[in-house]
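Counting from 120, one number per residue, gives the positions in the sequence shown under the working numbering.
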Amino acid sequence: MSDTTDPAAEMQRLIDADWLQIDGGRLLHHATITHIEPDYETEWHGVRLDCGQRVEWACIPGILTRIGARRCAACCEINSYPTGKGSPINEHVCRAMIEAYETAIRERDMALEMHKIQFERANRIEAERDALRVELERPLLEGDDE
Ligand SMILES: [Zn+2]
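Shown next, in the form of structure tokens:
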């Protein structure tokens, strides 16, 4: 729900799809970026990769690297991807996993939204019932006063 409007979440989504390039771009790695750098839209300094390396610099790779570079085996294992070549979004097994994940997130968000609607409806019905009960009890209370 909020993921589409949160720039950090949107950037992480791009990283999840493309992975990151470090020196020379021979290997693609994955990382969860915890900070946005206002001056750099697609590169980061001081990044901890999923495979444990801490690098001074990482960026979203260019198209040739996204297609041609191998994925880091350790990052693949941690993310349950097969080893191989190309950004996850460019490789059919990984892409199917990304799409399944995004579908699950969408379904979760829809279920949450549905739950919220039902919760609000239940609250409204309860409030109406309480108001009705007060209304029904009022003549009796007034009758006691006389
Ligand atoms: Zn790695």
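Glycine included, each C-beta is placed from N, C-alpha and C at the ideal position.
Since the model is a prediction, treat every value here as computed from it, not as a measurement.
Check whether the Cβ of residue 170 sits closer than 7 Å to any heavy atom of ligand 1, and report yes or no. Working through the sequence shown from its first residue, we reach residue 170 at position 51. Checking the Cβ of residue 170 against ligand 1 gives yes.
Which one of 224, 207 and 205 has the shortest CA to CA distance from residue 128? Counting from 1 along the sequence shown, the entry for residue 128 is found at position 9. For the set 224, 207 and 205, the Cα lying nearest the Cα of residue 128 is the one of 224.
So, using beta-carbon positions, are residue 190 and residue 147 closer together than 8 Å? For the purposes of this step, residue 190 is taken as residue 71 along the sequence shown, with counting starting at 1. For the purposes of this step, residue 147 is taken as residue 28 along the sequence shown, with counting starting at 1. Yes, they are a contact pair.
Comparing the C-beta of residue 138 with each C-beta of chain C, is any distance below 8 Å? No chain C is part of this structure, which consists of one protein chain only.
Return yes when the C-beta of residue 194 is under 7 Å from any heavy atom of ligand 1, and no when it is not. Taking the first residue of the sequence shown as position 1, residue 194 is located at position 75. Yes, the Cβ of residue 194 comes within 7 Å of a heavy atom of ligand 1.
Residues near residue 166 by beta carbon distance below 6 Å, same chain, minus five either side: Taking the sequence shown and counting its residues from 1, one reaches residue 166 at position 47. If we look at residue 166 and ignore the five residues flanking it on each side, its Cβ neighbours are 150, 174 and 177.
Should residue 121 go down as buried or exposed, given a rule of 16 or more other Cβ atoms within 10 Å for buried? For this step, residue 121 is matched to residue 2 along the sequence shown. In this predicted model, residue 121 has a pLDDT of only 46, less than 50, meaning its place in the structure is not dependable enough to derive any value.
Identify whether residue 175 lies in helix, strand or coil by the three-state DSSP scheme. Residue 175 sits at position 56 when you count from the first residue of the sequence shown. Three-state result, residue 175: strand.
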